[in-house]
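Take a look at the structure below.
Residue numbers (our numbering), protein chains in the order written: chain A, 607 to 1014; chain B, 36 to 280.
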């Protein structure tokens, strides 16, 4: 029997039992669709993370303070202080700019509208540039204004809208804690970066934060504490060398050793690596789950094919009587199983790709359909069909023609 | 008669089912010869071994011992695959219960054997033309696209006859071909077989009905796995001999 004939017979057999064929294929359809959707979700998550990391700005080294170190009997060390930033700027080669931030939270009021626990971010003037943020309206504060501790704020897009609605916030005076401050700008909408919703932040000169919102005894002795220093480096510079320089400089300033350092230095690459290891674990878990559903689908095919062989014993007998060899019969049923899984696979691709788009459109998760996942799912379906189709096909091939013809 | 081509020649064939003490001999030394152009009936009660003999003559199984020459070829020791090939090229079956493929057109049922002819692969068009001619001959012109459930029993059996002839067999085997039919349809099928016989086809028909057997030239009666009697029914034998000589 020619393969074309086998394909025609298999196709006719599938069409003769449309409902059953569809139910048989359902396992494969779900398996293939699951693989495609799962991979699309994890690829989408990965792409989102990549975008966020890229949107942090390029060539950044993050120096983050680790507060309250020190063992029993030792005074707590303060982590990073404001002067550390200037020291890095002056003492490390290959640094193009340094930006500092310190947070707090305060009640923000305008007229009758008041919000508690609004995140306050004190920064220096280079902040929008290193974090790749734009000003939608007005401007950011300058170094001179920072130095003069000017009471001015730039609002995140969502807090600006909540406070002022359609009105123009520029030039208006808001009350932050007990301090009246002038709005000089509104940031462009940024979305959530990492876990931070910058759109709900109020930005102000870091000196104002030191003075009004984080005063402490400690600050008067040691200098003003800060949360983070962003160090923007020359793209051509050796980043590992710069990290070493920063670490050595800071431990010396803090009078510590590298083992007891009260800060951590990370790069964007470190963040990317961490995220990638998390998402790749996530992705392989999803792939396993989807793979299991494909195998379940294959067992479904085997089950139905075994029933089908029994049910069609008479047909097999007739074919044998007119000269079908065991190979002919095996080929026929194997082709049928393969065709069920291939057609199921194709429907699964349509459902999977469609499902991924719908899922992406309806939920917060982004989905990116990967061509490789389509290929993988489809070829797995075909292999599953051939693997689980072989046993029933072989059962059919080994029937005795006389018994098969007698079968009622 | 002896200078004619022997289509079937069995030499002392036996068929034993089971092993050792519980074995049962369904055939116990059957030697028969059927020549080209003969129309022969094999008769016997149930349990006489006639079905077993038919299965062996039809190459659906092989004898436990003895030899079976079909058209001069010893087929008694062939394996499954070789037997399938012999059935495909040399034998046409007409079964009591028609044994057509359900939900398959008359035309596709008739062309079915050609699908498995590995030695002579034919195009679908070629197969269709031949099948249409045969369906014409059995009187089913215009019903070639009907499925079995759309045809009467007699019509279904005529499709089966056309299928039995598609591969130009050297031997047509009928297994109670009129057993499921009313007397009128049965008569039509017998007439059809007579026509085939007149055209030179060798036909062996298994039946338990003496009236049907009387249609043939010769009746071989089996009893307990052995040839009991051979009766010459007399008519049409001469005529056929002259026609095919």
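Glycine included, each C-beta is placed from N, C-alpha and C at the ideal position.
Exercise. Comparing alpha-carbon positions, which option in A:934, A:943, A:691 and A:638 lies nearest residue 976 (chain A)?
Worked result: On the first chain, residue 976 (chain A) is found 370 positions in, with the first residue counted as 1. Taking only the C-alpha atoms, the option nearest residue 976 (chain A) is A:638.
Problem set entry | Secondary structure of residue 1000 (chain A), DSSP reduced to three states | The count along the first chain starts at 1 and reaches residue 1000 (chain A) at position 394. Residue state, collapsed to three classes: helix.
Exercise. Which bits of chain B does residue 608 (chain A) rub up against, with CB to CB less than 9 Å?
Worked result: Position 2 of the first chain holds residue 608 (chain A). Simply 150 and 156.
Exercise. Buried or exposed: which applies to residue 692 (chain A), given that a residue is buried once 16 or more other Cβ atoms fall within 10 Å of its Cβ?
Worked result: Taking the first residue of the first chain as position 1, residue 692 (chain A) is located at position 86. Label assigned to residue 692 (chain A): exposed.
Exercise. Considering only the beta carbon of each residue, do residue 973 (chain A) and residue 640 (chain A) sit closer than 8 Å?
Worked result: By one-based count along the first chain, residue 973 (chain A) stands at place 367. By one-based count along the first chain, residue 640 (chain A) stands at place 34. No, these two residues do not count as a Cβ contact at 8 Å.
For this session: Put residue 977 (chain A) into one of helix, strand or coil per three-state DSSP.
Result: Here residue 977 (chain A) refers to the residue found at position 371 when the first chain is read from its first residue. Three-state result, residue 977 (chain A): helix.
For this session: Go ahead and label residue 219 (chain B) buried or exposed: buried means 16 or more other beta carbons lie within 10 angstroms of its beta carbon, across all protein chains shown.
Result: Walking along the second chain from the start, residue 219 (chain B) turns up at place 184. Answer is exposed; the Cβ neighbour count stays below 16.
For this session: List the residues of chain B that residue 941 (chain A) touches, going by C-beta distances under 8 Å, in chain order.
Result: Here residue 941 (chain A) refers to the residue found at position 335 of the first chain. The premise fails here: residue 941 (chain A) is roughly 13 Å from chain B at the closest Cβ pair, so nothing lies under 8 Å.
Exercise. Which chain B residues are close to residue 924 (chain A), counting only those with a beta carbon under 8 Å from its beta carbon?
Worked result: Stepping through the first chain from its first residue, residue 924 (chain A) is reached at position 318. Neighbours of residue 924 (chain A) on chain B, chain order: 134, 135, 136 and 147.
For this session: Using the Cα positions of residue 237 (chain B) and residue 944 (chain A), report the straight-line distance between them to the nearest angstrom.
Result: Counting from 1 along the second chain, the entry for residue 237 (chain B) is found at position 202. Counting from 1 along the first chain, the entry for residue 944 (chain A) is found at position 338. Going from the Cα of residue 237 (chain B) to the Cα of residue 944 (chain A) covers about 42 Å.
Exercise. Relative to chain A, which residues along the region 85-105 of chain B have a C-beta separation below 7 Å, given in chain order?
Worked result: 90, 95 and 96
Exercise. Would DSSP call residue 172 (chain B) helix, strand or coil?
Worked result: Residue mapping note: residue 172 (chain B) aligns to position 137 of the second chain, counting from 1. Here residue 172 (chain B) sits in helix by DSSP.
Exercise. If you measure from the beta carbon of residue 193 (chain B) to each beta carbon in chain A, is any gap under 8 Å?
Worked result: Translated into positions along the second chain, residue 193 (chain B) becomes position 158. Judged by the 8 Å Cβ criterion, residue 193 (chain B) is not in contact with chain A.
For this session: Would you check if the region 111-124 of chain B and the region 921-929 of chain A touch, i.e. whether three or more CB-CB distances between them fall below 8 Å?
Result: yes
For this session: At 4 residues or longer, and completely inside the region 727-768 of chain A: list those alpha helix (DSSP H) runs for me, N to C.
Result: 733-736 and 749-753
For this session: Output yes or no for whether 8 Å exceeds the beta carbon distance between residue 984 (chain A) and residue 951 (chain A).
Result: Working through the first chain from its first residue, we reach residue 984 (chain A) at position 378. Working through the first chain from its first residue, we reach residue 951 (chain A) at position 345. Against a cut-off of 8 Å, the Cβ pair of residue 951 (chain A) and residue 984 (chain A) comes out as a contact.
Exercise. Would residue 1008 (chain A) count as contacting chain B if we go by Cβ distances under 8 Å?
Worked result: Position 402 of the first chain, counted from the start, is the residue given in the question as residue 1008 (chain A). Answer yes: the Cβ-Cβ gap between residue 1008 (chain A) and chain B drops below 8 Å somewhere.
For this session: Between the Cα of residue 888 (chain A) and those of A:911, A:652 and A:631, spot the shortest distance and give me the residue it belongs to.
Result: Locating residue 888 (chain A) in the first chain gives position 282, counting from the first residue. If we check each option's Cα against that of residue 888 (chain A), A:652 comes out closest.
Exercise. Any beta-carbon of chain A closer than 8 Å to the one on residue 168 (chain B)?
Worked result: Position 133 of the second chain holds residue 168 (chain B). Judged by the 8 Å Cβ criterion, residue 168 (chain B) is not in contact with chain A.
Exercise. How would you write the range of the beta strand (DSSP E) that residue 873 (chain A) sits in, first residue to last?
Worked result: Mapped onto the first chain, residue 873 (chain A) falls at position 267. Looking at the DSSP string, the run of the beta strand (DSSP E) that includes residue 873 (chain A) is 869-873.
Exercise. Run through DSSP, which three-state label would residue 183 (chain B) get?
Worked result: Locating residue 183 (chain B) in the second chain gives position 148, counting from the first residue. If DSSP states are grouped into helix, strand and coil, residue 183 (chain B) belongs with the helices.
Exercise. Counting only beta-carbon atoms, is residue 887 (chain A) nearer than 8 Å to chain B?
Worked result: Locating residue 887 (chain A) in the first chain gives position 281, where the first residue counts as 1. Judged by the 8 Å Cβ criterion, residue 887 (chain A) is not in contact with chain B.
Problem set entry | Amino acids of chain A, ordered along the chain, whose beta-carbon sits closer than 8 Å to that of residue 209 (chain B) | Here residue 209 (chain B) refers to the residue found at position 174 when the second chain is read from its first residue. The premise fails here: residue 209 (chain B) is roughly 13 Å from chain A at the closest Cβ pair, so nothing lies under 8 Å.
Exercise. Among residues of its own chain, excluding the 5 on either side of residue 216 (chain B), which ones have a beta-carbon nearer than 7 Å to its beta-carbon?
Worked result: Taking the second chain and counting its residues from 1, the one referred to as residue 216 (chain B) is at position 181. Same-chain partners within the cutoff: 188, 189, 192 and 224.
Exercise. Are residue 741 (chain A) and residue 795 (chain A) touching if we call contact CB-CB under 8 Å?
Worked result: Here residue 741 (chain A) refers to the residue found at position 135 of the first chain. Here residue 795 (chain A) refers to the residue found at position 189 of the first chain. Result no, Cβ atoms of residue 741 (chain A) and residue 795 (chain A) do not sit closer than 8 Å.
Exercise. Between residue 129 (chain B) and residue 199 (chain B), which are expected to be in contact by the criterion C-beta below 8 Å, what is the C-beta distance as a whole number of angstroms?
Worked result: Mapped onto the second chain, residue 129 (chain B) falls at position 94. Mapped onto the second chain, residue 199 (chain B) falls at position 164. Indeed they touch by this definition, with Cβ atoms about 5 Å apart.
Exercise. Taking 8 Å as the CB-CB cut-off, is residue 932 (chain A) touching chain B?
Worked result: Here residue 932 (chain A) is taken as the residue at index 326 of the first chain, counted from 1. At least one chain B Cβ lies under 8 Å of residue 932 (chain A).
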